[in-house]
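Below: one structure, written as structure tokens.
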């Protein structure tokens, strides 16, 4: 299984919960995104030397799920509720676990300019159907393996319940003594061995944007190798603006933005 192809394809969180209308956190447009990604894999199979498919994977009691928090009446926040450091200090929202840790965590998010802490519906629960790869992608990956005699790779992220893990390479705030939340230097180094890095998946506003931000921060020399597949990624509704500064910086650093049909 010698690797001579020049491209690596990074598929971010192309999972049932994001890509199916019945999914817990469906991203409108994702159904079409994954069909285009599947066609790309088939069309460019011989150019692709590696495929890495990330798998967002969470516990039920996760810092970004409703059951982790409550108000003064003991009620959990609704999905899509932002929680600020001031909210915790004033008692508007209180963590049910690890109180001091959570205060520090949210404060660090704000100090470091990361996305505001946000509550999502329970999604991509470990072992659930929603956490599985969406069928078009799963089928395309198996076919690619048979055609190229290279195994695709999967990479779980988000399993530690004490930190949101949007980006592929590192949790939003790494957790002490939890290596799975720390910067994945091995993966960044792996990407240097390819001439091109194609990126697609869900959601453009969060996990795709943060993954790109982490590459630009920790391995900026990779920027000219990257193509963001604009027709293979969509935003969480109403939140696309959060990622606009990341994409503008990426353009300035040489990242290409192309439709999959223009490769």
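Residue numbers (our numbering): 725 to 987. All C-beta atoms, glycine included, are put in the ideal place defined by N, C-alpha and C. Computed from a predicted structure; not experimentally measured.
Measuring alpha carbon to alpha carbon, tell me which of the options ends up nearest residue i.
{"i": "residue 946", "options": "824, 967, 913", "result": "913"}
{"i": "residue 884", "options": "774, 894, 751", "result": "894"}
{"i": "residue 886", "options": "781, 973, 980, 772", "result": "781"}
{"i": "residue 773", "options": "734, 758, 924, 755", "result": "734"}
{"i": "residue 918", "options": "941, 944, 950", "result": "950"}
{"i": "residue 931", "options": "876, 777, 755, 987", "result": "777"}
{"i": "residue 974", "options": "956, 943, 985", "result": "943"}
{"i": "residue 916", "options": "933, 900, 948", "result": "948"}
{"i": "residue 794", "options": "805, 817, 862, 888", "result": "817"}
{"i": "residue 828", "options": "760, 809, 798", "result": "809"}
{"i": "residue 752", "options": "968, 984, 901, 964", "result": "964"}
{"i": "residue 845", "options": "904, 825, 968, 804", "result": "804"}
Return the first residue and the last residue of the alpha helix (DSSP H) that residue i is part of.
{"i": "residue 975", "result": "968-976"}
{"i": "residue 827", "result": "823-835"}
{"i": "residue 742", "result": "740-743"}
{"i": "residue 864", "result": "859-872"}
{"i": "residue 760", "result": "754-767"}
{"i": "residue 880", "result": "Careful: residue 880 lies outside any alpha helix (DSSP H), inside the beta strand (DSSP E) at 877-881."}
Mind checking residue i: buried by the 16 CB within 10 Å criterion, or exposed?
{"i": "residue 830", "result": "buried"}
{"i": "residue 766", "result": "exposed"}
{"i": "residue 860", "result": "buried"}
{"i": "residue 731", "result": "buried"}
{"i": "residue 741", "result": "buried"}
{"i": "residue 790", "result": "buried"}
{"i": "residue 750", "result": "buried"}
{"i": "residue 813", "result": "exposed"}
{"i": "residue 802", "result": "exposed"}
{"i": "residue 835", "result": "exposed"}
{"i": "residue 785", "result": "exposed"}
{"i": "residue 910", "result": "exposed"}
{"i": "residue 747", "result": "buried"}
{"i": "residue 982", "result": "exposed"}
Going along the chain, which residues of its own chain have a beta-carbon closer than 6 Å to the beta-carbon of residue i, five neighbours each way excluded?
{"i": "residue 906", "result": "898"}
{"i": "residue 937", "result": "970"}
{"i": "residue 754", "result": "742, 743, 926, 958"}
{"i": "residue 758", "result": "738, 743, 858, 860, 861"}
Report, in whole angstroms, the separation of the C-beta atoms of residue i and residue j, which I expect to be a contact under 8 Å.
{"i": "residue 979", "j": "residue 929", "result": "Going by Cβ atoms, the distance from residue 979 to residue 929 rounds to 17 Å, so no, they are not a contact pair."}
{"i": "residue 935", "j": "residue 891", "result": "5 Å"}
{"i": "residue 788", "j": "residue 842", "result": "7 Å"}
{"i": "residue 769", "j": "residue 871", "result": "5 Å"}
{"i": "residue 953", "j": "residue 924", "result": "4 Å"}
{"i": "residue 840", "j": "residue 806", "result": "5 Å"}
{"i": "residue 955", "j": "residue 760", "result": "5 Å"}
Beta-carbon within less than 7 Å of residue i's beta-carbon, same chain only, minus the 5 sequence neighbours each way: which residues are those?
{"i": "residue 908", "result": "893, 894"}
{"i": "residue 838", "result": "896"}
Can you give me the start and stop residues for the beta strand (DSSP E) that residue i sits inside?
{"i": "residue 778", "result": "772-780"}
{"i": "residue 920", "result": "920-925"}
{"i": "residue 937", "result": "Per DSSP, residue 937 belongs to no beta strand (DSSP E); it is in the alpha helix (DSSP H), 933-942."}
{"i": "residue 731", "result": "731-736"}
{"i": "residue 812", "result": "Premise fails: residue 812 lies in the alpha helix (DSSP H), 809-813, not in any beta strand (DSSP E)."}
{"i": "residue 952", "result": "950-953"}
{"i": "residue 849", "result": "Residue 849 -> no beta strand (DSSP E), and no H or E assigned at all."}
{"i": "residue 886", "result": "It is not in any beta strand (DSSP E) - residue 886 carries neither H nor E in the DSSP assignment."}
{"i": "residue 982", "result": "980-982"}
With a threshold of 8 Å on Cβ separation, who are the neighbours of residue i within its own chain once the five nearest residues in sequence on each side are excluded?
{"i": "residue 779", "result": "737, 739, 848, 855, 857, 878, 879, 880, 881"}
{"i": "residue 865", "result": "765, 775, 777, 857, 876"}
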